[in-house]
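Trainee: The working numbering applies: residue 52 is where the sequence shown begins, and numbers increase by one. C-beta atoms are modelled at their ideal positions from N, C-alpha and C, and glycine is treated no differently. As the structure is a prediction and not an experimental result, all values here were calculated from the model. Here it is: the structure, laid out below.
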Amino acid sequence: MTGIRLTAPAPGWAIDADVVVVGSGVAGLTAALRCAAAGLDTVVVTKARLDDGSTRWAQGGIAAALGEGDTPEQHLDDTLVAGAGLCDEEAVRTLVTEGPDAVRRLIDTGAHFDTTDSGDIALTREGGHHRRRIAHAGGDATGAEISRALVGAVREAALHTIENALVLDLLTDAEGRTAGVSLHVMGEGQHDGVGAVRAPSVVLATGGMGQVFSATTNPPVSTGDGVALALRAGAEVSDLEFVQFHPTVLFLGADSEGQQPLVSEAVRGEGAHLVDGDGVRFMLGQHELAELAPRDIVAKAITRRMLEHGAEHMYLDARHFGARMWEERFPTILAACRSHGIDPVTEPVPVAPAAHYASGGVRTDLRGRTTVPGLYACGEVACTGVHGANRLASNSLLEGLVFAERIAADIAEARPPRTEPAGDPDASGPAPLLAPEARTAIQRTMTRGAGVLRSADSLAAAAEELEALHRAAADDAEGPSGAKAVVPGVDAWEVTNLLLVSRVLVAAAREREETRGCHWREDRPDRDDAQSRRHLVVRIAPDRTPVVHRTGTAAFPPVRPSD
Numbered sequence: 052m053t054g055i056r057l058t059a060p061a062p063g064w065a066i067d068a069d070v071v072v073v074g075s076g077v078a079g080l081t082a083a084l085r086c087a088a089a090g091l092d093t094v095v096v097t098k099a100r101l102d103d104g105s106t107r108w109a110q111g112g113i114a115a116a117l118g119e120g121d122t123p124e125q126h127l128d129d130t131l132v133a134g135a136g137l138c139d140e141e142a143v144r145t146l147v148t149e150g151p152d153a154v155r156r157l158i159d160t161g162a163h164f165d166t167t168d169s170g171d172i173a174l175t176r177e178g179g180h181h182r183r184r185i186a187h188a189g190g191d192a193t194g195a196e197i198s199r200a201l202v203g204a205v206r207e208a209a210l211h212t213i214e215n216a217l218v219l220d221l222l223t224d225a226e227g228r229t230a231g232v233s234l235h236v237m238g239e240g241q242h243d244g245v246g247a248v249r250a251p252s253v254v255l256a257t258g259g260m261g262q263v264f265s266a267t268t269n270p271p272v273s274t275g276d277g278v279a280l281a282l283r284a285g286a287e288v289s290d291l292e293f294v295q296f297h298p299t300v301l302f303l304g305a306d307s308e309g310q311q312p313l314v315s316e317a318v319r320g321e322g323a324h325l326v327d328g329d330g331v332r333f334m335l336g337q338h339e340l341a342e343l344a345p346r347d348i349v350a351k352a353i354t355r356r357m358l359e360h361g362a363e364h365m366y367l368d369a370r371h372f373g374a375r376m377w378e379e380r381f382p383t384i385l386a387a388c389r390s391h392g393i394d395p396v397t398e399p400v401p402v403a404p405a406a407h408y409a410s411g412g413v414r415t416d417l418r419g420r421t422t423v424p425g426l427y428a429c430g431e432v433a434c435t436g437v438h439g440a441n442r443l444a445s446n447s448l449l450e451g452l453v454f455a456e457r458i459a460a461d462i463a464e465a466r467p468p469r470t471e472p473a474g475d476p477d478a479s480g481p482a483p484l485l486a487p488e489a490r491t492a493i494q495r496t497m498t499r500g501a502g503v504l505r506s507a508d509s510l511a512a513a514a515e516e517l518e519a520l521h522r523a524a525a526d527d528a529e530g531p532s533g534a535k536a537v538v539p540g541v542d543a544w545e546v547t548n549l550l551l552v553s554r555v556l557v558a559a560a561r562e563r564e565e566t567r568g569c570h571w572r573e574d575r576p577d578r579d580d581a582q583s584r585r586h587l588v589v590r591i592a593p594d595r596t597p598v599v600h601r602t603g604t605a606a607f608p609p610v611r612p613s614d
């Protein structure tokens with residue numbers, strides 16, 4: 052345990068449960084439903100409304116070997132190739148073999164996928180897949196449909212839910228085992244202000260951390276809260292340097308910041324072409340799959356072409372689809388483009404890469420257990436080893452589904468007793484809070500120094516800027532400096548979380564002196580399997596310094612010494 056915690060008032064209320072699930076995407080709600088079905092008293096805590104997480108924004112679909120002639124082994128092969136030598140093969144095999152049945156159980160829960168005229172699930176292709184294995188709903192509204200079905204099931208089961216609540220820190224008992232979480236509830240409701248949910252099992256399903264960058268496809272709630280909580284609690288994180296930048300995000304201008312509209316890979320899966328300003332298809336000859344190469348390859352190709360042409364974006368050309376296909380297959384994307392004055396039926400769509408998905412996160416085993424007893428993680432906040440150095444398209448919803456079910460099974464089998472939260476006698480004190488205004492500075496630093504293109508110089512500059520923010524906050528917290536004291540609150544807690552995960556991400560990116568997957572070092576353009584086919588595991592020392600450890604092999608070490 053680090054003893055580090057956020058500066059916050061003491062909990063003014065508390066409720067007791069067997070399990071608290073933090074997050075309400077596909078991973079969190081699946082875990083909660085399975086735990087409740089096993090007879091466990093389950094509480095769901097979510098930062099906004101139940102359907103406001105990243106799952107709702109997922110367009111393309113969910114990958115599984117459901118089609119005729121497809122097999123889990125073929126899905127495994129495509130995943131391993133995309134992961135660039137760092138996937139945990141056992142984790143991938145678990146994903147692809149348990150995935151098809153997990154999707155069928157999702158359908159039983161109430162999710163409706165698009166079907167063919169014969170009634171079979173309609174399947175499409177995305178980057179890195181050699182077969183059509185992406186199930187979709189509402190054309191390009193898969194996440195919204197999955198979220199609708201799971202939220203409906205949670206409400207039908209009358210699970211205890213706490214909405215508009217930012218989780219703060221992990222509570223532990225005298226033995227250092229999980230005893231719940233502290234949280235702050237915003238607005239009116241049954242609970243208000245800072246409180247606690249006391250439970251011996253905590254499941255982190257808080258989603259990603261795309262808001263560390265200026266432009267991202269992630270919703271505003273994706274501020275890395277789960278990773279930050281886990282780090283403060285003493286958990287290990289891994290592979291945080293592997294941030295996937297989605298190749299085709301609607302370009303709204305060089306100064307656009309915050310959540311940007313995604314143009315799903317499924318558009319390319321149905322035959323759209325990437326072209327430059329002269330109309331040249333530049334992916335031909337770059338990879339055997341051309342526009343359907345793995346995302347890191349496409350993002351790099353777009354970035355290179357932009358640099359060569361001095362352009363701010365490239366184009367996605369799908370005019371040959373015609374109006375009917377756009378309206379029926381991609382209604383969400385069509386509406387988003389038209390709302391910004393672009394009609395993909397008659398003109399190419401301007402696109403550029405933007406931060407999309409964190410392949411790394413809180414390190415877990417195949418049962419979702421982290422290095423802190425009683426703390427679990429699943430979905431984008433977790434690092435199961437499935438994604439390696441680059442996530443294969445549409446594996447994320449499947450990973451959340453499969454490993455959430457595994458977590459629920461483990462908790463139901465273990466059924467740990469409830470214990471009382473205890474203070475940490477070795478606590479190093481509250482983490483100094485940053486002023487909310489620092490958010491933009493962090494995002495611009497990360498975009499400039501740790502974005503699609505990285506180098507030793509850019510990362511060193513980013514590290515220096517982030518450490519300066521960290522030191523300034525610490526100095527302000529330790530004594531009078533003339534600066535107005537930062538008042539604890541949601542904005543300050545979020546930006547403090549953003550700084551912590553940014554510092555850890557940059558520390559790992561500086562340590563990985565090679566180009567692999569979605570980690571692109573322009574000063575180290577080659578992949579180095581001899582020295583760098585390893586995982587980088589990071590923890591936070593009590594003095595709040597990131598400590599980076601390189602594994603001895605490509606395999607993850609156990610999460611428990613006894614494993």
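What does M365 pair with, by DSSP beta-bridge criteria?
Mentor: In the sequence shown, counting from the first residue as 1, residue 365 sits at position 314. The partner list for M365 (beta bridge, DSSP) reads V402.
Trainee: Which residue wins for smallest C-alpha separation from P609, given the options L385, S410, R414?
Mentor: Taking the first residue of the sequence shown as position 1, residue 609 is located at position 558. Considering only alpha carbons, the answer is R414.
Trainee: For the candidate residues C569, G118, V537, whose alpha-carbon lies nearest to that of I185?
Mentor: Taking the sequence shown and counting its residues from 1, the one referred to as residue 185 is at position 134. Considering only alpha carbons, the answer is G118.
Trainee: Could you give the distance in angstroms between the alpha-carbon of R442 and the alpha-carbon of E464?
Mentor: Working through the sequence shown from its first residue, we reach residue 442 at position 391. Working through the sequence shown from its first residue, we reach residue 464 at position 413. When rounded, the distance between both Cα atoms is 31 Å.
Trainee: Secondary structure at C569, three-state DSSP: helix, strand or coil?
Mentor: In the sequence shown, residue 569 corresponds to position 518, counting from 1. Correct three-state label for C569: coil.
Trainee: Would you please state the rounded distance, in angstroms, between the beta carbons of A525 and P483? I believe it to be under 8 Å.
Mentor: As a position in the sequence shown, residue 525 is number 474, starting the count at 1. As a position in the sequence shown, residue 483 is number 432, starting the count at 1. With a Cβ gap of about 5 Å, A525 and P483 count as contacting.
Trainee: With a threshold of 6 Å on Cβ separation, who are the neighbours of D416 within its own chain once the five nearest residues in sequence on each side are excluded?
Mentor: On the sequence shown, position 365 is the one that residue 416 refers to. Correct list, in chain order: V610.
Trainee: Residues bridged to S233 by DSSP?
Mentor: The residue labelled residue 233 in the question sits at position 182 within the sequence shown. D220, A247.
Trainee: Taking all protein chains shown into account, decide if H521 is buried (16 or more other Cβ within 10 angstroms of its Cβ) or exposed.
Mentor: Residue 521 sits at position 470 when you count from the first residue of the sequence shown. Per the 10 Å Cβ criterion, buried.
Trainee: By how many angstroms is the C-alpha of D220 removed from the C-alpha of A15?
Mentor: Residue 15 cannot be examined here, being either before or after the span of the chain that is shown, 52 to 614.
Trainee: Taking the beta strand (DSSP E) that Q494 falls in, what are its first and last residues?
Mentor: Here the question's residue 494 lines up with position 443 in the sequence shown. Run containing Q494: none in the beta strand (DSSP E); it sits in the alpha helix (DSSP H), 489-501.
Trainee: List the whole-angstrom C-beta distance separating V263 from I493, where the pair is believed to meet the contact cut-off of C-beta under 8 Å.
Mentor: Locating residue 263 in the sequence shown gives position 212, where the first residue counts as 1. Locating residue 493 in the sequence shown gives position 442, where the first residue counts as 1. V263 to I493, Cβ: 7 Å. Contact.
Trainee: In chain order, which alpha helix (DSSP H) runs of at least 4 residues are fully inside the stretch 133-179?
Mentor: Those alpha helix (DSSP H) runs which fall completely within the stretch 133-179 and span 4+ residues are 140-160.
Trainee: Would a C-beta distance cut-off of 7 Å place L137 and G439 closer than the cut-off?
Mentor: Here the question's residue 137 lines up with position 86 in the sequence shown. Here the question's residue 439 lines up with position 388 in the sequence shown. Contact flag set, yes.
Trainee: Using a Cβ-Cβ cut-off of 6 Å (strictly less than) and excluding sequence neighbours within five positions of G112, which residues of its own chain qualify?
Mentor: For the purposes of this step, residue 112 is identified with residue 61 of the sequence shown, where counting begins at 1. The residues are I185, A186, H187, T193, S445.
Trainee: Which of the three DSSP states, helix, strand or coil, is assigned to G430?
Mentor: Residue mapping note: residue 430 aligns to position 379 of the sequence shown, counting from 1. Correct three-state label for G430: helix.
Trainee: Just to confirm my understanding: we take T496, look at its own chain, exclude 5 residues before and 5 after, and list those with CB closer than 7 Å. What are they?
Mentor: On the sequence shown, position 445 is the one that residue 496 refers to. Result list for T496: A513, E516, L517, in chain order.
Trainee: Counting only the same chain and skipping the five closest in sequence on each side, list residues whose C-beta sits under 6 Å from that of R85.
Mentor: As a working mapping, residue 85 is identified with position 34 in the sequence shown. Counting only Cβ-Cβ distances below 6 Å, and skipping sequence neighbours, we find E456, A459.
Trainee: Buried or exposed, going by whether 16 or more other CB atoms sit within 10 Å of the CB of P476?
Mentor: Reading the sequence shown from its first residue, position 425 is the one you call residue 476. Reliability fails at P476, whose pLDDT of 44 lies under 50, so the model's placement of it is uncertain and no value is given.
Trainee: For G259, tell me which candidate among L291, S583, A195, R283 has the shortest Cα-Cα distance.
Mentor: Against the sequence shown, residue 259 aligns to sequence position 208. Selected option, being the one with the closest Cα: L291.
Trainee: What does the alpha-carbon distance come out to for the pair M365 and A135?
Mentor: For the purposes of this step, residue 365 is identified with residue 314 of the sequence shown, where counting begins at 1. For the purposes of this step, residue 135 is identified with residue 84 of the sequence shown, where counting begins at 1. Approximately 26 Å between the Cα atoms of the pair.
Trainee: Only counting the same chain, and skipping five residues up and downstream in sequence, which positions put a Cβ closer than 6 Å to that of G244?
Mentor: For the purposes of this step, residue 244 is taken as residue 193 along the sequence shown, with counting starting at 1. Only G63 meet the Cβ criterion.
Trainee: Could you check where the beta strand (DSSP E) with Q110 kicks off and where it finishes?
Mentor: One-based indexing of the sequence shown puts residue 110 at position 59. Note, Q110: premise wrong, no beta strand (DSSP E); not H, not E.
Trainee: With 16 other CB atoms within 10 Å as the buried threshold, where does R283 fall?
Mentor: By 1-based counting over the sequence shown, the position of residue 283 is 232. By the neighbour-count rule (16 or more Cβ atoms within 10 Å), R283 is buried.
Trainee: Does the structure place the stretch 172-179 close enough to the stretch 335-349 that three or more beta carbon pairs sit under 8 Å?
Mentor: Taking 8 Å as the limit for Cβ pairs, the verdict is that the stretch 172-179 does touch the stretch 335-349.
Trainee: So, R490 versus E287, is the Cβ gap smaller than 7 Å?
Mentor: As a working mapping, residue 490 is identified with position 439 in the sequence shown. As a working mapping, residue 287 is identified with position 236 in the sequence shown. The answer is no: Cβ separation not under 7 Å.
Trainee: Can you give me the C-alpha to C-alpha distance between V402 and L101, rounded to a whole angstrom?
Mentor: Within the sequence shown, the letter at position 351 stands for residue 402. Within the sequence shown, the letter at position 50 stands for residue 101. Going from the Cα of V402 to the Cα of L101 covers about 30 Å.
Trainee: Please report the straight-line C-alpha distance between S198 and L157, rounded to a whole angstrom.
Mentor: In the sequence shown, residue 198 corresponds to position 147, counting from 1. In the sequence shown, residue 157 corresponds to position 106, counting from 1. Each residue's alpha carbon lies about 11 Å from the other.
Trainee: Is the beta carbon of V96 sitting closer than 7 Å to the one on A209?
Mentor: In the sequence shown, counting from the first residue as 1, residue 96 sits at position 45. In the sequence shown, counting from the first residue as 1, residue 209 sits at position 158. No. Outside cutoff.
Trainee: Under the three-state reduction of DSSP, which class applies to V318: helix, strand or coil?
Mentor: For the purposes of this step, residue 318 is taken as the residue at position 267 of the sequence shown. Here V318 sits in helix by DSSP.
Trainee: Return helix, strand or coil for H338, following the three-state DSSP convention.
Mentor: On the sequence shown, residue 338 is found 287 positions in, with the first residue counted as 1. DSSP places H338 in coil when its eight states are reduced to three.
Trainee: Roughly how many angstroms separate the alpha carbons of T106 and A195, rounded to a whole number?
Mentor: Along the sequence shown, one-based indexing puts residue 106 at 55. Along the sequence shown, one-based indexing puts residue 195 at 144. Going from the Cα of T106 to the Cα of A195 covers about 7 Å.
Trainee: Enumerate in chain order the residues of its own chain whose CB-to-CB distance from P404 is below 7 Å, with the five nearest sequence positions on each side excluded.
Mentor: Walking along the sequence shown from the start, residue 404 turns up at place 353. Excluding residues within five positions, the ones whose Cβ falls inside 7 Å are F296, H297, P298, V300, A350, I353, T354, V503.
Trainee: Look at the Cβ atom of A536, then the Cβ atom of P597, and state whether they are nearer than 7 Å.
Mentor: As a position in the sequence shown, residue 536 is number 485, starting the count at 1. As a position in the sequence shown, residue 597 is number 546, starting the count at 1. No, the pair does not count as a contact, with Cβ atoms beyond the cut-off.
Trainee: Is the beta carbon of A83 closer than 7 Å to that of V73?
Mentor: Counted from its first residue, the sequence shown places residue 73 at position 22. Counted from its first residue, the sequence shown places residue 83 at position 32. In this structure, A83 does not lie closer than 7 Å to V73 by Cβ.
Trainee: Answer yes if the stretch 268-284 comes into contact with the stretch 542-557, meaning at least three C-beta pairs across the two stretches below 8 Å, and no otherwise.
Mentor: Counting Cβ pairs under 8 Å, three or more are found: they touch.
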